[in-house]
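Number of protein chains: 2
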Amino acid sequence: MREVYIIGVGMTSFGKFPECSVIELGQRACWEAIQDANIPPKAIQAAYCGHARTGRLLGRECGVGQSILWELGISGIPILSVGNFCASGSTALRDAWLAIASGMYDLVLAIGVEKLTARSGKGKPLTSDGVELLTNMGFSPPTFFAQMAIRHMHDFGTTREQLALVAVKNRKNACYNPRAQYRKEVTLEEVLNAPMIVEPLTLLSCCPTGDGGAAAILASKEMAQRYGNKPILLAASVLRSGEYRACREITSLEATVKAAKEAYEQAGVGPGDIEVAEVHDCFTPAEIVHYEDLGFCAKGEGGRFIEEGHSRIGGKVAVNTSGGLLSKGHPLGATGIAQVAEIVWQLRGEAGDRQVEGARVGLTHCAGGFQESLELAEVSSVTVNILMRK
Amino acid sequence: MREVYIIGVGMTSFGKFPECSVIELGQRACWEAIQDANIPPKAIQAAYCGHARTGRLLGRECGVGQSILWELGISGIPILSVGNFCASGSTALRDAWLAIASGMYDLVLAIGVEKLTARSGKGKPLTSDGVELLTNMGFSPPTFFAQMAIRHMHDFGTTREQLALVAVKNRKNACYNPRAQYRKEVTLEEVLNAPMIVEPLTLLSCCPTGDGGAAAILASKEMAQRYGNKPILLAASVLRSGEYRACREITSLEATVKAAKEAYEQAGVGPGDIEVAEVHDCFTPAEIVHYEDLGFCAKGEGGRFIEEGHSRIGGKVAVNTSGGLLSKGHPLGATGIAQVAEIVWQLRGEAGDRQVEGARVGLTHCAGGFQESLELAEVSSVTVNILMRK
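In structure tokens form, the structure reads like this:
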């Protein structure tokens, strides 16, 4: 397999843009990525477009990538839709990585888009496909992560305050990210006292819904050398689905543990080498569990890890410098590629007031969807990418 | 890139199965493919699942592959949804081809599923995403192919009878395919006199809607030698999107011409080498145009090609021995992989009463969706595969 570089990234601001079509969101992100890479659009040889809910919400289940690219003058090449719930964008990026690593292509575009404001007035809450039985029994993403929190608190002494600190940190980071959906600091008290969604998760412990697009141009070494504006090595790109088990430990996502192990091996680094990371903080306890699953700290120590400041900018590993899903926003299909854009900016030293000084190695982590079996739910897919400045 | 083999195929019967979930359809097809390949299910290293309308019709936009495989004991591996309209299944197969050709994996599963009976009572006709403007002006797949027919008749003297012969031939072939949706011969007069849908296309000139699943196991040469029950070389697998143009010739799909050229080069064969082919006969004129675009005959001679019997079993190239979309049925996402299953059975000599004697080289062709621009529509994506018995 060949080395793969990211030579251009783009993303829209995340937020509520009811006036903007999902196609326009994608076009803006792609155009920025193309300009960032400084490539002629027609040099792109294939495109993978990730989206999770455009079919159900917009009647656009296929052909989203074609429509985005058609009027940017890009057609004729292989273009396809890729879906994997909240990991749809990162799955598209992983496909693009494989397309270049294989030797088949030298310049490939990964796109992620979503337009959740289209939900307005549609009634039913946004839950995962594939958990119909559990959903009828009350299951939803917040209830899943609330259970995770309660068990983590029981088993390891994690506190409500530690959980809330995730929201405080990520909101603070978002203040320095002009593309974030929420850019106003919140205090620990505000998080704790916000309206309760599912015990112990308050409104500020949950990521918002919103719209957005993100894109990345992936290239072979040769093309990175020809065009590359500070090319960043995509040293590992891993996708795993959740594993069927009769019972599970709810304070860990086994798919994350295994995907991270595979990614560290692929990149030849360990968790201690990661200086900046974007992880799937859809709800506050998720980020704490991801610290542990990704190896940033030992099992059970995630609460103390944030409390001691190890995951803030300037700490051992700066986590969710972009504001994360909690504050930057979470337009499902766009999230995984926006995470990669943030790490690219960090490794290039272009992250402005949220820059992690001298960062050379970064990681992204996305978790998407649920599968149900008997009385339990398991995460549907996880992606982990490791990026390096060479 | 490495050689890729197909070592197992499976498909459900196509038809209307309102009692059967899309997950069950996929499971049946996968299980047959796994048994056909004689591999342990857990040896599968990655899976690509193609579907086009499961989100809009069933609320299952993501995770379909995970749900299909979960209860077959396959989990933990990379699994993702792939969408490309009617070419969704063949796009999933093409991804699986790349995953093996790259050297990344040795055993990959491609799945295609669809459940169109879920449309019942949903009102609006099934049209393509991405052509909202044209759809509001009366565009639909039958109107597109009716225009193609009328122009072909005008330019080349193609007759209604020649168009109708496509339906007659494919229905006859379907009589020998126990998995086909319609297995009763029709006469030329019956096709011509069936209720008119869009002039000159009658009801019997149009493919039906239905449900179905199909699957294929792709393998590296080493795995094909270890497990292979008559492995078939997937000598070329090509995906292209339609090209943006200000005006177009409606009697040809340029994406087919270009994809076929690329596939012939990849496989090192020419159109004259193809002995058996499954092509995208969604409407009768489509098959005639595909003869020309794939190089089976010269431009404008498609009508005479069928009239002179060159595309029947025993002719120059037996086209749609399975019955094609017109008679075997067209559950969108399943179609592209079902086409490949038919060619695999033909090249293995397992096609029963519809066997093409001694066939060694076969082709599949799928066309999916439309993109709109100004006053015109262009096909969204085309796939072409070339299979060979070595």
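Chains A and B supply the protein sequences, listed in that same order.
Under the working numbering, think of the first position of the first sequence as 1, with each following residue one higher.
Under the working numbering, think of the first position of the second sequence as 1001, with each following residue one higher.
A virtual CB, placed ideally from N, CA and C, is assigned to each residue, including glycine.
Given the structure is predicted, the values throughout are model-derived calculations rather than measurements.
Amino acids of chain A, ordered along the chain, whose beta-carbon sits closer than 9 Å to that of residue i
i       : result
B/Q1371 : G63, Q66, S67, W70, S75
Buried or exposed by the 16-neighbour rule on C-beta atoms within 10 Å, applied to residue i
i       : result
A/L93   : buried
B/K1328 : buried
B/P1078 : buried
A/Q27   : buried
A/G73   : exposed
A/N170  : buried
B/G1228 : buried
A/N84   : buried
B/M1011 : buried
A/D293  : buried
B/H1154 : exposed
A/M148  : buried
B/D1353 : exposed
A/T452  : An answer regarding residue 452 of chain A cannot be provided, because it is not within the stretch 1 to 390 covered by chain A.
A/G272  : exposed
B/L1133 : exposed
Cβ of residue i within 8 Å of any chain B Cβ
i      : result
A/I79  : yes
A/M1   : yes
A/T91  : yes
A/A385 : What sits at residue 385 of chain A in the sequence shown is Asn, not Ala. It does not; no Cβ of chain B falls within 8 Å.
A/N136 : no
A/L239 : yes
A/S380 : yes
Proximity winner among the options, relative to residue i (alpha-carbon distances)
i       : options                            : result
A/R248  : A/G314, A/E378, A/G15              : A/E378
B/A1215 : B/A1096, B/V1356, B/R1053          : B/A1096
A/A46   : A/F145, A/F144, A/M11, A/W70       : A/W70
A/G232  : A/D36, A/L192, A/E287              : Reading the sequence as shown, one finds Ile at residue 232 of chain A and not Gly. Of A/D36, A/L192, A/E287, the residue nearest in Cα terms is A/D36.
B/N1385 : B/A1235, B/K1042, B/F1156          : B/A1235
A/E166  : A/T127, A/N177, A/R312, A/P331     : First, the residue type needs correcting, since residue 166 of chain A is Val and not Glu in the sequence shown. Looking at the Cα atoms, A/R312 is the closest of the given residues.
A/A298  : A/V257, A/M1, A/L332               : A/V257
B/I1150 : B/L1109, B/P1200, B/M1388, B/Q1162 : B/P1200
B/E1254 : B/E1265, B/L1239, B/Q1266, B/G1268 : B/L1239
A/A174  : A/D129, A/H51, A/S252, A/E342      : A/E342
B/S1128 : B/G1063, B/I1197, B/A1052, B/E1024 : B/A1052
B/V1082 : B/G1076, B/E1061, B/P1178          : B/E1061
B/L945  : A/A101, A/Q66, A/V108, A/Y48       : With chain B represented from 1001 up to 1390, any question about residue 945 of chain B goes unanswered, as that position is not in the structure.
B/T1117 : B/S1102, B/R1056, B/N1177          : B/R1056
B/G1368 : B/G1300, B/A1318, B/A1146, B/D1281 : B/D1281
A/Q181  : A/E189, A/E287, A/K172             : A/K172
A/A334  : A/G324, A/S380, A/G213, A/R226     : A/G213
A/V356  : A/L134, A/A277, A/S205             : A/A277
A/P331  : A/A263, A/K184, A/G112             : A/G112
A/L163  : A/V191, A/V186, A/Y176             : A/V191
B/V1317 : B/R1360, B/F1283, B/W1345          : B/R1360
C-beta neighbour in chain A for residue i, strict 8 Å
i       : result
B/A1146 : no
B/V1139 : Note that residue 1139 of chain B corresponds to Phe in the displayed sequence, not to Val. No, because no Cβ of chain A sits closer than 8 Å to the Cβ of B/F1139.
B/V1082 : yes
B/F1085 : yes
B/S1088 : yes
Minimum Cβ-Cβ distance from residue i to chain D less than 8 Å
i      : result
A/G130 : In the structure shown, chain D does not exist; the protein chains are A and B.
Contact set between residue i and chain B, taken where Cβ atoms lie within less than 7 Å
i      : result
A/S322 : Ordered by position in chain B, no residue passes the 7 Å Cβ test against A/S322, which lies about 24 Å from the chain.
Residue i: CB within 7 Å of a non-hydrogen atom of the ligand FMN
i       : result
B/V1168 : Within the structure as shown, the ligand FMN is missing, as the structure has no ligands at all.
Pull out every residue of the segment 90-115 of chain A whose Cβ sits closer than 8 Å to any Cβ of chain B, in chain order.
T91, R94, D95, L98, A99, A101, S102, G103, M104
Below 9 Å between beta carbons is the criterion; list the residues of the segment 242-274 of chain A that meet it against any residue of chain B, in chain order.
G242, E243, Y244, R245, E254, A255, K258
Relative to chain B, which residues along the segment 38-65 of chain A have a C-beta separation below 7 Å, given in chain order?
A52, R53, G55, R56, G59, R60, E61, C62, G63
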